[in-house]
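Quick note: the sequence shown uses this note's numbering, first residue 9, plus one each step.
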Amino acid sequence: MSLEQKQMSTLHFETLPPIKIPLIKRFYKQHYPGTKPKSDDLIITAYETHYMVAVVRFRHVANYRLLTGMAVAEDKRYQGVGSQMLKYCQNTVLGNTDYCFAYQHLTPFYERYGFHSIATQELPAELKTLYLRYTEHGKSLIPMRYFRNNA
Numbered sequence: 009m010s011l012e013q014k015q016m017s018t019l020h021f022e023t024l025p026p027i028k029i030p031l032i033k034r035f036y037k038q039h040y041p042g043t044k045p046k047s048d049d050l051i052i053t054a055y056e057t058h059y060m061v062a063v064v065r066f067r068h069v070a071n072y073r074l075l076t077g078m079a080v081a082e083d084k085r086y087q088g089v090g091s092q093m094l095k096y097c098q099n100t101v102l103g104n105t106d107y108c109f110a111y112q113h114l115t116p117f118y119e120r121y122g123f124h125s126i127a128t129q130e131l132p133a134e135l136k137t138l139y140l141r142y143t144e145h146g147k148s149l150i151p152m153r154y155f156r157n158n159a
């Protein structure tokens, strides 16, 4: 068994019920300060044994979802955990109404899992407003949309 297969077999993914949001807040405080999970977010967690190693949120914005707050525990970064997380999401929750605002250096990562860079004008109005607010405050982000590959 290769190392990648071994890592994949040790991760367990689950949708976090809103009652467990305090667990996520603690995780974010350690690994991605400043993000604020909400009870109406779709939250996917990755566990290795009984230890949370990654989390991603899908924020509902009108009729769309914004992938946000993807975080991997510091000691698990660069080991494929984020890739496994997005692959899981690709197979279970991602659809054509999902978007993300990616840092430029992460666009190739998101492209591997079905996201494509789009022009700001292509964003739905509600997401465009949010995007412009983020970028006005100095964040250099690339708008991306998920396209399910039906081939």
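Just so you know, even glycine gets a beta-carbon here, dropped at the ideal spot from N, CA and C.
Item: Pick from Ala62, Lys28, Leu50, His20 that is closest to Tyr40, judged by C-alpha positions; Value: Ala62
Item: Buried versus exposed call for Lys84 [16 or more other C-beta atoms within 10 Å across all chains shown]; Value: buried
Item: Beta-carbon separation (whole angstroms), Phe109 vs Pro151, contact threshold 8 angstroms; Value: 6 angstroms
Item: Extent of the continuous alpha helix (DSSP H) run through Phe66; Value: Phe66 -> not in any alpha helix (DSSP H); beta strand (DSSP E) instead, spanning 59-69.
Item: Test item: CB-CB of Asn157 and Thr105 under 8 angstroms; Value: no
Item: CB-CB length for Val69 against Ile52, believed under 8 angstroms; Value: About 17 angstroms separates the two Cβ atoms, so there is no contact after all.
Item: Inter-residue Cα distance where the pair is Leu74 and Tyr154; Value: 10 angstroms
Item: CB contact flag (Leu19, Tyr59, <8 angstroms); Value: no
Item: Continuous alpha helix (DSSP H) stretch holding Gly122: start and end; Value: Taken as a continuous stretch (DSSP letters only), Gly122 belongs to no alpha helix (DSSP H), as it is neither H nor E.
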